[in-house]
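Novice: Take a look at the following structure, please.
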Amino acid sequence: MDNSLLFTGDANDFPESSELPEGVKQIELEDDFGYGVNLIPNILYAQRDGEDLHIQLLLPTDKMDDKKTYPLIVYVQGSAWFRQKIFSSLQRLLRVCEQGYAVAIVQYRPSDVAPFPAQIQDTKTAIRFLRKNASEYKVDPERVAIWGDSSGGHTAVMVGITDDGELDSELDNDYSAKVKCIVDWYGPTDISRMSSYPSTMDHNEPQSPEGMLIGGKTVNENPENVAPTIPMNYVSADKGIPPILIMHGSKDPLVHFNQSCILYNKLKEMDKEVEMYKLKGAYHGHGGFNSSKALNIVLEFIVRYI
Numbered sequence: 029m030d031n032s033l034l035f036t037g038d039a040n041d042f043p044e045s046s047e048l049p050e051g052v053k054q055i056e057l058e059d060d061f062g063y064g065v066n067l068i069p070n071i072l073y074a075q076r077d078g079e080d081l082h083i084q085l086l087l088p089t090d091k092m093d094d095k096k097t098y099p100l101i102v103y104v105q106g107s108a109w110f111r112q113k114i115f116s117s118l119q120r121l122l123r124v125c126e127q128g129y130a131v132a133i134v135q136y137r138p139s140d141v142a143p144f145p146a147q148i149q150d151t152k153t154a155i156r157f158l159r160k161n162a163s164e165y166k167v168d169p170e171r172v173a174i175w176g177d178s179s180g181g182h183t184a185v186m187v188g189i190t191d192d193g194e195l196d197s198e199l200d201n202d203y204s205a206k207v208k209c210i211v212d213w214y215g216p217t218d219i220s221r222m223s224s225y226p227s228t229m230d231h232n233e234p235q236s237p238e239g240m241l242i243g244g245k246t247v248n249e250n251p252e253n254v255a256p257t258i259p260m261n262y263v264s265a266d267k268g269i270p271p272i273l274i275m276h277g278s279k280d281p282l283v284h285f286n287q288s289c290i291l292y293n294k295l296k297e298m299d300k301e302v303e304m305y306k307l308k309g310a311y312h313g314h315g316g317f318n319s320s321k322a323l324n325i326v327l328e329f330i331v332r333y334i
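For the sequence shown, this note's numbering gives the first residue as 29, with consecutive numbering after it.
Written out as structure tokens, the structure reads:
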């Protein structure tokens with residue numbers, strides 16, 4: 029005779045045990061960590077210039093609903109456009125994922141393998157890949173934001189403000205790479221002006237990050253190569269631009285605060301939706317960026333749009 033008590037109903041209706049041995053302390057708590065996090069590593073989305081390009085996907089886990097889909101934040105890790113240390117921002121991205129967002133950390137071709145606009149092409153391809161495979165990876169293809177820090181902030185802005193086919197017209201455009209909003213943390217905006225302000229780095233030399241971005245050339249001697257990398261050149265009054273959040277430290281020694289001011293002023297001049305925060309005393313990615321307050325500013329911004 030089968031004496032098993034198999035429960036086949038909804039998990040929310042599972043009966044509560046009334047058993048309480050002597051000495052056991054009974055307390056009542058509520059979860060406040062948000063969702064659990066599942067890492068789906070090394071998703072191959074493209075192969076270019078001998079490089080296998082991967083997405084690292086952080087996916088919320090909901091034990092009560094395994095068919096749920098999640099809004100997607102595409103994250104571009106800063107690396108001076110060189111090879112990325114792809115998990116450098118993992119601590120903050122885990123916190124974001126816990127709030128119910130899928131987070132895709134995108135690997136792109138480094139500048140010493142492929143100069144601009146390879147980084148833009150690759151990130152757009154990753155977005156299209158995730159849209160095409162949305163059901164497999166449990167992401168909502170209609171709710172996509174992009175966020176990047178430093179050189180990743182530059183890439184995020186360039187991806188977000190350019191149209192489908194712009195800078196990547198030779199690539200697969202079956203799916204859109206458009207996003208609902210953009211978060212830019214201390215990203216460069218005009219590499220020709222970076223040496224005009226105090227910095228701990230020479231931004232003009234061919235082997236500098238900026239020089240390598242344009243193919244190993246001296247920045248101030250090659251304006252024709254610099255111009256396509258400047259996001260302000262893609263902003264016009266009649267062009268639709270997703271809302272942008274900019275955050276930059278007042279004491280950034282690598283990417284001067286002025287770089288974000290240039291972008292902000294252009295967007296305001298063209299009557300685009302933009303918010304900017306100056307983090308007083310903050311440096312390049314620390315001194316305030318690794319805080320709950322900074323993260324909450326980002327999440328509150330994203331919530332409004334996706």
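Heads up, the beta-carbon is just placed ideally off N, CA and C, and yes, glycines get one too. Keep in mind the model is a prediction, meaning the values are calculated, not measured.
Over what stretch of residues does the beta strand (DSSP E) that includes residue 87 continue unbroken?
Specialist: Residue mapping note: residue 87 aligns to position 59 of the sequence shown, counting from 1. Residue 87 -> beta strand (DSSP E) spans 79-89.
Novice: For residue 255, collect the residues of the same chain with a Cβ closer than 7 Å to its Cβ; drop the 5 residues on either side in sequence, then sort them by chain order.
Specialist: Along the sequence shown, read from residue 1 onward, the residue named residue 255 stands at position 227. The answer, listed in chain order, is 261.
Novice: Go ahead and pull the three-state DSSP assignment for residue 141.
Specialist: Sequence index remark: in the sequence shown, residue 141 carries index 113 (1-based). Residue 141 falls in the coil class under three-state DSSP.
Novice: Any idea what DSSP makes of residue 292, helix, strand or coil?
Specialist: As a position in the sequence shown, residue 292 is number 264, starting the count at 1. The answer is helix: DSSP assigns residue 292 an H, G or I state.
Novice: Does the distance from the C-beta atom of residue 222 to that of residue 139 stay below 8 Å?
Specialist: Taking the first residue of the sequence shown as position 1, residue 222 is located at position 194. Taking the first residue of the sequence shown as position 1, residue 139 is located at position 111. Against a cut-off of 8 Å, the Cβ pair of residue 139 and residue 222 comes out as no contact.
Novice: Of the choices 109, 101 and 288, whose alpha-carbon is the least far from that of residue 123?
Specialist: Translated into positions along the sequence shown, residue 123 becomes position 95. Ranking 109, 101 and 288 by Cα distance to residue 123 puts 101 first.
Novice: On the DSSP letters alone, give me the boundaries of the beta strand (DSSP E) that residue 181 sits inside.
Specialist: Indexing the sequence shown from 1 puts residue 181 at position 153. Per DSSP, residue 181 belongs to no beta strand (DSSP E); it is in the alpha helix (DSSP H), 179-189.
Novice: My output table needs one value for residue 275: the three-state DSSP class, helix, strand or coil.
Specialist: Numbered from 1 along the sequence shown, position 247 holds the residue referred to as residue 275. Note: residue 275 maps to strand in three-state DSSP.
Novice: To the nearest angstrom, how far is it from the Cα of residue 270 to the Cα of residue 52?
Specialist: Within the sequence shown, the letter at position 242 stands for residue 270. Within the sequence shown, the letter at position 24 stands for residue 52. Each residue's Cα considered, the two are about 55 Å apart.
Novice: Please return the same chain residues whose Cβ sits closer than 6 Å to the Cβ of residue 188, not counting the five positions on each side in sequence.
Specialist: As a working note, residue 188 is residue 160 in the sequence shown. Hits under 6 Å: 174, 207, 210 and 270.
Novice: Classify residue 253 as buried or exposed, calling it buried when 16 or more other Cβ atoms lie within 10 Å of its own Cβ.
Specialist: As a position in the sequence shown, residue 253 is number 225, starting the count at 1. Residue 253 is buried by the Cβ-count criterion.
Novice: Which of helix, strand or coil does DSSP assign to residue 128?
Specialist: Numbered from its first residue, the sequence shown carries residue 128 at position 100. Three-state result, residue 128: coil.
Novice: When the Cα atoms are used, what is the spatial distance from residue 177 to residue 47?
Specialist: Counted from its first residue, the sequence shown places residue 177 at position 149. Counted from its first residue, the sequence shown places residue 47 at position 19. Going by the C-alpha atoms only, they are around 52 Å apart.
Novice: Where do the ends of the beta strand (DSSP E) carrying residue 304 lie?
Specialist: As a working note, residue 304 is residue 276 in the sequence shown. 302-307 is the span of the beta strand (DSSP E), which, as asked, contains residue 304.
Novice: Tell me the DSSP secondary structure of residue 255 in three-state form.
Specialist: Mapped onto the sequence shown, residue 255 falls at position 227. Here residue 255 sits in helix by DSSP.
Novice: Where does residue 332 fall in DSSP's three states?
Specialist: Counting from 1 along the sequence shown, the entry for residue 332 is found at position 304. DSSP, read as helix, strand or coil, puts residue 332 in helix.
Novice: Checking the sheet assignment: what are the DSSP bridge partners for residue 66?
Specialist: Residue mapping note: residue 66 aligns to position 38 of the sequence shown, counting from 1. DSSP lists 87 as partners of residue 66.
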